[in-house]
Every structure is written in structure tokens, then in C-alpha cells.
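Notes follow once the structure below has been shown.
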Amino acid sequence: MKQDASQKSYTVHEATLKLMQYCAYRDRSQKEVEEKLKEMRMIPAACEQIIIKLMQENFLNEERFARSFVRGKFRIKKWGRIKIKQELKLKEISAPIIKLALTEIDELEYSKTLYELAEKKVKLLKESDQFKKRKKLSSYLLQKGFESHLVFPISEEVTD
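Right, dumping it as C-alpha cells:
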């Protein structure tokens, strides 16, 4: 009888090598690695040993993960700080590391991105009522994770 992949058992060495590849492919959070180890049905003592090894050999680095996550979500998905921060919290990244990682966002680039998103979205809105248009634009930008004290002035500016 053939075992499927989820039933395969791994030695600590095999699991470590598999997770080194997993972490080398792209930066991972410790939570992602722990979930992968659970999928592999590794016992807690082995999990701890593997995680320590991955950290010692710099395959697993929370700060590096958080910084690359921030850069990617901001530059590619155009997310604001609030949404990025929430996602990092879900990945169980500590507050000091989140704060440090958010320094990857350049203030000028952040404002420029927010303005570009607003201008692009306002052109797509088929709303004739200024207030409804402004509300829809603000809702969109807030949903993207931008701060309200930045969103409302820009919403007014681009809808006038």
C-alpha cells in the first residue's frame, strides 16, 4: 500500500533539509515554519531543535522576513501601513520587529503611492454625487490600509 505525502515520516535530518529549502525559496516567519513542521507530523522536541538550527544557520530570521514582507506588500500590492501591520501581527511577529520593518517604507514614496492610488480610483468611480464619490474613494483607501488622517485630505483633493 502506497503512503501519500502527508503520511510520510521524516527524520530530524530530513526535515531540517526540507525546511532549509522551504526557507531558502523565500523568507518565512517562524509561525509558517512551525505550521510546516506540524504538517510533517514532527514531535515538539524535534520542531524546537529544527527551528533553532534554522535560526543558527540564518535560514530563519524574523526581522529579515518582516522587512521583505513590508517591502513586498507596499511595493507590489500597494498596501498601507495599517494593513501590513495587521498581517504581520497575524504571523505572530513581535511589535518591535514590526516597528523596525515598517522603516522600509520611504515617507515620500508612501505619500506618492497613496496619491496615485487615489487618482487612479477616482477615475474609475462612476459616481456623480461628490459626497458619495469621496466616501467610496475614502473607503477604498482605508481598506488598502492607509491611515485616515492621510486618506481624508487626499479624498477631498482628488474629488474636487
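Residue numbers (UniProt numbering): 1 to 160. Heads up, the beta-carbon is just placed ideally off N, CA and C, and yes, glycines get one too. Here the structure is a predicted model, which means the values were calculated and not measured.
Which same chain residues end up closer than 6 Å to D160 when comparing Cβ atoms and leaving out the 5 residues on each side of it in sequence?
none
Taking R75 as the reference, give the member of A46, M40, E116, I43 with the closest Cα.
E116
Verify whether the separation of the beta carbon atoms of F146 and L124 is less than 8 Å.
no
Taking the CB atoms as reference points, tell me whether R64 and D27 lie closer together than 8 Å.
yes
Using 8 Å as the cut-off, can you tell me whether the stretch 50 to 63 makes contact with the stretch 27 to 39, which would need three or more C-beta pairs spanning the two stretches below that distance?
yes
Could you tell me whether the stretch 97 to 109 touches the stretch 132 to 143, where touching means 3 or more Cβ pairs closer than 8 Å?
no
Rounded separation between K89 and S68 - CA only:
15 Å
Grab the span of the alpha helix (DSSP H) containing E57 for me, first residue to last.
Careful: E57 lies outside any alpha helix (DSSP H) and carries neither H nor E.
From what residue to what residue does the alpha helix (DSSP H) around E92 run?
E92 -> no alpha helix (DSSP H), and no H or E assigned at all.
Selection from K85, E119, I97, W79 that minimises the alpha carbon distance to Y110:
W79
Can you give me the C-alpha to C-alpha distance between E92 and I51, rounded to a whole angstrom?
15 Å
Going straight from the alpha carbon of M1 to that of S148, what length do you get?
In this prediction, M1 scores a pLDDT of 40, lower than 50, which makes its location untrustworthy; the coordinate-derived value is nonetheless stated afterwards. Cα-Cα distance, rounded: 59 Å.
Within a Cβ cutoff of 7 Å, which residues of the same chain sit near C47, ignoring the five residues on either side of it in sequence?
E34, L37
Could you check if I43 is buried or exposed, using at least 16 other CB atoms within 10 Å of its CB as the buried criterion?
exposed
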